[in-house]
Structures are given as structure tokens and as C-alpha cells.
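Novice: Just so you know, our numbering puts the end of the sequence shown at 176, numbered straight through with nothing missing. Even glycine gets a Cβ: it sits at the ideal position worked out from N, Cα and C. Could you have a look at this structure, given as C-alpha cells, before my questions?
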Amino acid sequence: VQTTLKFTYSEKYPDEAPLYEIFSQENLEDNDVSDILKLLALQAEENLGMVMIFTLVTAVQEKLNEIVDQIKSRREEEKKQKEKEAEEAEKQLFHGTPVTIENFLSWKAKFDAELLEIKKKRMKEEEQAGKNKLSG
């Protein structure tokens, strides 16, 4: 996050607040910009009668640090959430059908039938290969 502030002194400064504007900003949302402007107004009002530019800049720097911390914590929370979702999805992959006697017997019958088919095909292929061989 970055912002450039522009201050314009009035003739009555420091008894009157300087004019200020956010000249440019990067990676700030609209509500962050409005919060910074409110902070500047509040700090300027509190520091009337004193030299205040340094105080205003320091307050904005602290606010920007808070915004950066919020962004970091939000990203960390999103990362943790994604990791948690990935972990849950992985658990779902390994959570299969509970094995019962009925389930196992059904699976075993299908498996044996598949093996029998494979053996029959292999025997047929061997017979075919045997007929084509010359004897003698």
C-alpha cells in the first residue's frame, strides 16, 4: 500500500488546518481512502495552533501500517481456509464405503467373475496360438 499526500499551507497556518488531498494511492480500497481523509481531518483539528504536517504524515503512516496488517491477516485466513478445505476434500477421498460382510462378498463375486473371464480369454488365445504352430 502506498499513498502520496499533498499539503497546501493557508495564510493562517498553523492556526488554520492546511489543505490536504490524497494525490495518488496504490492498493487502497475506497473505504480506506475515506478513513485516511477522516483521520487527517481529526488530526488537523486536534493540532490547530501547532505545526502539524509531521503529525499528520505520521498518523497516515500508522493507518497504512494497520491496513497492511489487515490485508496480511485476511490473506493468512484465506490461506488457512483453503488448506482446511483441501484437507477436508482429501479426507473425503480416503473415506470410502465401510466394509461389511455383504459388501465384501458382493465385491468378491464380481472380482472372481472378472478373473475367470481373463483366464478364459488367455486360454482361448493360447489355443489359437497352438493351432497355428507347426508340429513335427
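Would DSSP call E142 helix, strand or coil?
Specialist: Here residue 142 refers to the residue found at position 102 of the sequence shown. E142: helix per DSSP, three-state reduction.
Novice: Could you pull out every residue in the same chain whose Cβ sits closer than 8 Å to the Cβ of T44, ignoring the five residues on either side in sequence?
Specialist: For this step, residue 44 is matched to residue 4 along the sequence shown. Within the same chain, T44 has close Cβ partners I62, F63, S64 and Q65.
Novice: Could you tell me the alpha carbon to alpha carbon distance between D70 and P54, rounded to whole angstroms?
Specialist: Against the sequence shown, residue 70 aligns to sequence position 30. Against the sequence shown, residue 54 aligns to sequence position 14. Cα to Cα, the separation comes out at about 29 Å.
Novice: Quick test of the definition: if touching needs 3 or more C-beta pairs under 8 Å, does the region 101-112 touch the region 68-88?
Specialist: yes
Novice: DSSP on D64, reduced to helix/strand/coil?
Specialist: Taking the sequence shown and counting its residues from 1, the one referred to as residue 64 is at position 24. Rather than Asp, the amino acid found at residue 64 in this sequence is Ser. Shown here, S64 sits in a strand according to DSSP, grouped into three states.
Novice: Below 8 Å on the Cβ atoms is my guess for L79 versus A99; work out the distance and round it to an integer in Å.
Specialist: The residue given as residue 79 occupies position 39 in the sequence shown. The residue given as residue 99 occupies position 59 in the sequence shown. Rounded, the Cβ-Cβ distance is 6 Å, consistent with contact.
Novice: Quick check on M90: buried or exposed, where buried means 16 or more other Cβ atoms within 10 Å of its Cβ?
Specialist: Here residue 90 refers to the residue found at position 50 when the sequence shown is read from its first residue. Label assigned to M90: exposed.
Novice: Buried or exposed: where does A126 fall if 16 or more other Cβ atoms within 10 Å of its Cβ makes it buried?
Specialist: As a first step, residue 126 must be located in the sequence shown, where it is residue number 86. Exposed: under 16 other Cβ atoms inside 10 Å.
Novice: Tell me whether A84 is buried or exposed, calling it buried when 16 or more other Cβ atoms sit within 10 Å of its Cβ.
Specialist: The residue you call residue 84 lines up with position 44 of the sequence shown. It is buried - the Cβ of A84 has at least 16 other Cβ atoms within 10 Å.
Novice: Drop a sphere of 10 angstroms on the beta-carbon of Y60, count the other beta-carbons inside from all chains shown, and report buried for 16 or more, exposed for fewer.
Specialist: The count along the sequence shown starts at 1 and reaches residue 60 at position 20. By the neighbour-count rule (16 or more Cβ atoms within 10 Å), Y60 is buried.
Novice: If we count the other Cβ atoms within 10 Å of its Cβ and call it buried at 16 or more, is L96 buried or exposed?
Specialist: Indexing the sequence shown from 1 puts residue 96 at position 56. So L96 ends up on the buried side.
Novice: Between E118, K131, V41 and I93, which has its C-alpha nearest Y48's C-alpha?
Specialist: Within the sequence shown, the letter at position 8 stands for residue 48. The question names Tyr, but residue 48 in the sequence shown is Thr. Answer by Cα proximity: I93.
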